[in-house]
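>
Numbering (UniProt numbering), first residue to last: 1 to 1026.
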């Protein structure tokens, strides 16, 4: 593991090496020192099972054996906390109920990377590809840096783990030496393992193959005596077979055939394809590999054939242009010119092929499909022991044919292929953290097509990776210059696609070019909108120009699509087809938008998500044409979908570009688009001009009031909510109730609940939220229900009804994940962690916060991870672990600073937590300074709940300074700002107990009441000036 490597082309965040002394490296390759034997043992034990939950009992036994400490849970937690602080990725070590989990991919632990390489090498060996096997097994052997677990050898778990790893190394070494025998290594291995029969059998075969038969027989006699003396047994089957082979002077089975050319480059990926094709060749007499041009059908077929223990004849049909010449091409390939038979060509072929088992490899059949099919059918009938393996862009269409589609390469093999070919033209080229994402993007944009990837890698002779990626928009000009010895149609990417195009009929070609306007796949109905038919779609699937995927949907590879668009442009029909495409997807968007708040919500989220690329293409076409009506209708229809599925930030520029058009928009669509633009701007980060956005909200609210559109009737209440204008908001809600739909009514009730909270009426808030939840259930809006349940939990927290909190949040999380599997429900998990903590379930709270911290999958992931750090810091502070608390708070601040998110209220929250920590550490001046800064930040964005939290910190500072009465007033003012006492908050509870002891109950209540009786501006002023 020395240096930086990318496992399978992937650069990890952290890598762990245990095949030798413990080695930990960051994704950039920097070494990280893990001090302390027990910390190293903990990491090694977790690394032995990455991804698996290791229970507390297992870890305790692994670290302390039969003599664990008295408080092993705390001892274990302390070790975990210390280990997290030194790991390159602290979040990789997760705490869960019952144990801990190291969330590293297996390939980022050298022992598991070794196991994967060894297994792939063994599979290659079994298929007869000795060269590939030797390469893989050699790469596996190179991962060993010494004795495994060398610096934790005294740990209780080490002996068993080392024994397993040693056995795996020995088996992999035997496999490597079978693939590529080295007599000196085999002799050394046999001497160190005198009872291991396979090693001796391999040594015997290697000696015999090199002409040293007598030495091979001596090896057998020596091991036979050792087995008898030590174990009292005779040699096993493998050793006896090797002995007989030496006596008979047998050679190993032939693995290759002169008819197959030895490849000049490595073969990457396709292990599953190779194994499955070999299995099919054993069960079926005709197997055809089908796929688009450049997918690697020829290389795959040749590689499989080379591993067969049967004669193989390769018939290259690419240069054959006349169907009548196909039999002669086969005759030439099988070498039948030497036979004395004078019958017709078919008879001469049969004479050669009917003598025994064999495989006829018919390569590149598509342009001679009828002739190739007829000949294959005839030969299979006349030669009962013959098998035909064919490659083609469409099936031969013979009864009994077994088809194996050859898809593009998956991500990791595609990256490995690029790396392999790049190293050949630019020695020293390697994947790094900087260029790996670019290489992945190149491979993705080239659809994983091996030929295209090889042509792109060849460009590194004169271009950088970034330059290649930047030129992919003109891929047909870029990707030229293939092998000089290849057929002309395989020397450039354009030629590969043009060859397929030229084999199409006129109607098929016309439809293929029309379908190129779909960037994200399509259904049969969508294809019909641009002139398609089921018969023509089926024909294009048969010819590998379309792929049939789940749904059922059709997909055109991007390279083929780019070529089709060029051809469509040459015909001057792009606008006509794109207009039809846009009409279809405008209608689809409006159908989905109308169902987004009801029982059809889930199915329409799936439909719109699947066709999102097409919907955006339709939208961008409307923007290009300056069609404001169509653009705003699309954005209005998709606005709620974007909000529900976590695309708030992403949607802001789309919404803005629709509003910026000069044309005449649809009025309602324009108003809804404006509302969604303002709302999503304010709800996503960063926000540069909050006041300006809210002012624009006011402008459109006057145009929309009172409107019976389900969305438009919400505009004015939302506007007043942002203004913190409770009276105006409540009046607007009352007016909107008169025209509201059942869904709008539920939403208005939820808004009123927010306003009642600000008015200090948590009972009214909870009642409205409950009624809103009932309304959302009735209409079938799962998203609205999840929001209502979340805020019900928030309200119930103030009353200490933690059963209701947990019940509401668990359902909200389930609904959130149902709507959007990429949403980790961080907001709800934060509340749930708080509830579990206040119930005394600290470990459960920590589990929820860990899930938040590890979130990486949506636009709120950084925010959620940062909030989780605050929660973890609070838990640590509550139990007196001030070092851990500071670590978590500072990590929260770093996470947001690095993300570029502008969030004054979040910064205020972190400063408030650090202020409480400073009080605990005895630094009152720092705490007071932090409180002042946090108050200013919270007030600048009118965030009253955060300002209330600052007020609690200010109360603590005043209380410690000796101003108990002022501290109690500040606690009361904080209640006024949040609208409820929040007596179950640990900080509020702790500070109020201290102040009661100092002042006495009556004086405390009097001072507290003065603060709580302040009006809103006075309460704000109390916190700001203290």
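All C-beta atoms, glycine included, are put in the ideal place defined by N, C-alpha and C.
Note that the coordinates shown come from a computational prediction; the quantities given were computed from them, not determined experimentally.
#1: Do residue 46 and residue 1031 count as a contact pair if the criterion is CB distance below 8 angstroms?
#2: Should the stretch 803-813 be regarded as contacting the stretch 826-833, the criterion being three or more beta carbon pairs within less than 8 angstroms?
#3: Please report the Cβ distance between residue 445 and residue 411, rounded to the nearest whole angstrom; I am assuming they are in contact, meaning their Cβ atoms lie under 8 angstroms.
#4: Leaving out five residues before and five after residue 785 in sequence, what residues of the same chain have Cβ atoms less than 7 angstroms from its Cβ?
#5: Have a look at 1022, 977, 1020 and 963 and flag the residue whose alpha-carbon is nearest the alpha-carbon of residue 994.
#6: Rounded to the nearest angstrom, what separates residue 218 and residue 344 at their Cα positions?
#7: To the nearest whole angstrom, what separates the beta carbons of residue 102 and residue 76, a pair I think is in contact under 8 angstroms?
#8: Pull the bridge partners of residue 363 from the DSSP assignment, please.
#9: Cα separation between residue 123 and residue 158?
#10: Classify residue 570 as helix, strand or coil using the three-state DSSP reduction.
#11: Could you check where the beta strand (DSSP E) with residue 14 kicks off and where it finishes?
#12: Are three or more beta carbon pairs between the stretch 729-737 and the stretch 580-599 nearer than 8 angstroms?
#13: Which of the three DSSP states, helix, strand or coil, is assigned to residue 415?
#14: Run through DSSP, which three-state label would residue 983 get?
#15: Among the residues of its own chain, which have a CB less than 6 angstroms from the CB of residue 884, if the five just before and after it don't count?
#16: Apart from the five residues on each side of it in sequence, which residues of its chain come closer than 7 angstroms, Cβ to Cβ, to residue 558?
#17: Kindly give me the distance between the Cβ atoms of residue 109 and residue 16, rounded to whole angstroms, as I take these residues to be in contact under 8 angstroms.
#18: Report, in whole angstroms, the separation of the C-beta atoms of residue 326 and residue 281, which I expect to be a contact under 8 angstroms.
#19: Which same chain residues, not among the five before or five after residue 380, have their C-beta less than 7 angstroms away from its C-beta?
#20: Quick one: any contact between the stretch 299-313 and the stretch 553-570, if contact means 3 or more CB pairs under 8 angstroms?
#21: Using only the alpha-carbon positions, how far apart do residue 369 and residue 504 sit?
#22: From the DSSP output, in three-state form, read off residue 992 for me.
#23: Let's test the definition: count the other Cβ atoms within 10 Å of the Cβ of residue 869 and tell me whether it reaches 16, buried, or not, exposed.
#24: In whole angstroms, what is the alpha-carbon distance linking residue 421 and residue 298?
#25: Grouping DSSP H, G and I as helix and E and B as strand, with all else coil, what is residue 54?
#26: With residue 661 and residue 673 assumed to form a contact (beta carbons below 8 angstroms), what rounded beta-carbon distance in angstroms separates them?
#27: Less than 7 angstroms between C-beta atoms, sequence neighbours within five positions excluded: which residues of the same chain meet that for residue 134?
#28: Compare the Cα-Cα distances from residue 652 to each of 679, 627, 765 and 668 and report the closest residue.
#29: Could you give the DSSP three-state label for residue 667: helix, strand or coil?
#30: Sorted by chain position, which residues of the same chain lie with C-beta nearer than 6 angstroms to residue 10's C-beta, five sequence neighbours on each side aside?
#31: Of all the options 969, 20, 13 and 21, which has the alpha carbon lying nearest to the alpha carbon of residue 29?
#32: Comparing alpha-carbon positions, which option in 169, 879, 889 and 847 lies nearest residue 867?
#33: Out of 66, 302, 168 and 99, state which residue places its alpha-carbon closest to the alpha-carbon of residue 128.
#34: For residue 404, which residues from the same chain have a beta carbon less than 8 angstroms from its beta carbon, with the 5 sequence-adjacent residues on both sides left out?
#35: Contact check, residue 970 vs residue 1022 under 8 angstroms by CB: the rounded distance?
#36: Among 292, 293, 353 and 149, which residue has its Cα nearest to the Cα of residue 314?
So, to answer that:
#1: Past the boundaries of the shown model lies residue 1031; the chain is included only from 1 to 1026, so the question cannot be answered.
#2: yes
#3: In the chain shown, residue 445 corresponds to position 445, counting from 1. In the chain shown, residue 411 corresponds to position 411, counting from 1. Contact doesn't hold; Cβ gap of about 12 angstroms is too wide.
#4: Locating residue 785 in the chain shown gives position 785, where the first residue counts as 1. Within the same chain, and ignoring the five residues on either side of residue 785 in sequence, the residues whose Cβ sits closer than 7 angstroms to its Cβ are 773, 776, 777 and 815.
#5: Walking along the chain shown from the start, residue 994 turns up at place 994. When only C-alpha atoms are compared, the closest one is 963.
#6: Stepping through the chain shown from its first residue, residue 218 is reached at position 218. Stepping through the chain shown from its first residue, residue 344 is reached at position 344. Using only the alpha carbons, I get a separation of about 56 angstroms.
#7: Against the chain shown, residue 102 aligns to sequence position 102. Against the chain shown, residue 76 aligns to sequence position 76. Residue 102 to residue 76, Cβ: 14 angstroms. No contact.
#8: The residue given as residue 363 occupies position 363 in the chain shown. Residue 363 is bridged to 316.
#9: On the chain shown, residue 123 is found 123 positions in, with the first residue counted as 1. On the chain shown, residue 158 is found 158 positions in, with the first residue counted as 1. It is roughly 29 angstroms from the alpha-carbon of residue 123 to the alpha-carbon of residue 158.
#10: Here the question's residue 570 lines up with position 570 in the chain shown. Helix at residue 570.
#11: Position 14 of the chain shown holds residue 14. Element bounds for residue 14: 14-17.
#12: The answer is no - the stretch 580-599 does not touch the stretch 729-737, with fewer than three Cβ pairs under 8 angstroms.
#13: Here residue 415 corresponds to residue number 415 of the chain shown, with the count starting at 1. Reduced to three states, the DSSP call for residue 415 is helix.
#14: Translated into positions along the chain shown, residue 983 becomes position 983. Of the three classes helix, strand and coil, the one that applies to residue 983 here is coil, per DSSP.
#15: Along the chain shown, one-based indexing puts residue 884 at 884. If we look at residue 884 and ignore the five residues flanking it on each side, its Cβ neighbours are 81 and 876.
#16: Taking the first residue of the chain shown as position 1, residue 558 is located at position 558. For residue 558, where only same-chain residues beyond five positions count, the Cβ hits under 7 angstroms are 445 and 447.
#17: Walking along the chain shown from the start, residue 109 turns up at place 109. Walking along the chain shown from the start, residue 16 turns up at place 16. Contact holds; Cβ gap of about 5 angstroms.
#18: The count along the chain shown starts at 1 and reaches residue 326 at position 326. The count along the chain shown starts at 1 and reaches residue 281 at position 281. Incorrect: roughly 22 angstroms between the Cβ atoms, too far for contact.
#19: Taking the chain shown and counting its residues from 1, the one referred to as residue 380 is at position 380. These residues qualify, in order along the chain: 285, 286, 386 and 388.
#20: no
#21: Position 369 of the chain shown, counted from the first residue, corresponds to residue 369. Position 504 of the chain shown, counted from the first residue, corresponds to residue 504. When the Cα atoms are used, residue 369 and residue 504 turn out to be separated by approximately 13 angstroms.
#22: The residue given as residue 992 occupies position 992 in the chain shown. If DSSP states are grouped into helix, strand and coil, residue 992 belongs with the helices.
#23: Your numbering for residue 869 matches position 869 in the chain shown. Buried, by the Cβ-count rule.
#24: As a position in the chain shown, residue 421 is number 421, starting the count at 1. As a position in the chain shown, residue 298 is number 298, starting the count at 1. One C-alpha to the other measures close to 18 angstroms.
#25: To locate residue 54, count along the chain shown from 1; it is residue 54. Strand.
#26: To locate residue 661, count along the chain shown from 1; it is residue 661. To locate residue 673, count along the chain shown from 1; it is residue 673. Going by Cβ atoms, the distance from residue 661 to residue 673 rounds to 10 angstroms, so no, they are not a contact pair.
#27: Residue 134 sits at position 134 when you count from the first residue of the chain shown. For residue 134, where only same-chain residues beyond five positions count, the Cβ hits under 7 angstroms are 176, 179 and 180.
#28: Translated into positions along the chain shown, residue 652 becomes position 652. Looking at the Cα atoms, 679 is the closest of the given residues.
#29: Along the chain shown, one-based indexing puts residue 667 at 667. Residue state, collapsed to three classes: helix.
#30: Within the chain shown, residue 10 is the residue found at index 10, counting from 1. The predicted model places residue 10 with a pLDDT of 41, which falls under 50 and marks its position as unreliable; any figure quoted below should be read in that light. So no residue of the chain qualifies.
#31: If you number the chain shown from 1, residue 29 lands on position 29. Checking every option, the nearest Cα to that of residue 29 belongs to 13.
#32: Taking the first residue of the chain shown as position 1, residue 867 is located at position 867. The shortest Cα separation from residue 867 among 169, 879, 889 and 847 belongs to 889.
#33: Reading the chain shown from its first residue, position 128 is the one you call residue 128. Looking at the Cα atoms, 302 is the closest of the given residues.
#34: Residue mapping note: residue 404 aligns to position 404 of the chain shown, counting from 1. Sequence-distant Cβ neighbours of residue 404 in its own chain, meaning closer than 8 angstroms and more than five residues away, are 273, 276, 277, 280, 287, 288, 289 and 290.
#35: Sequence index remark: in the chain shown, residue 970 carries index 970 (1-based). Sequence index remark: in the chain shown, residue 1022 carries index 1022 (1-based). With a Cβ gap of about 7 angstroms, residue 970 and residue 1022 count as contacting.
#36: Within the chain shown, numbered from 1, the residue matching residue 314 stands at position 314. It is 353 whose Cα lies nearest to the Cα of residue 314.
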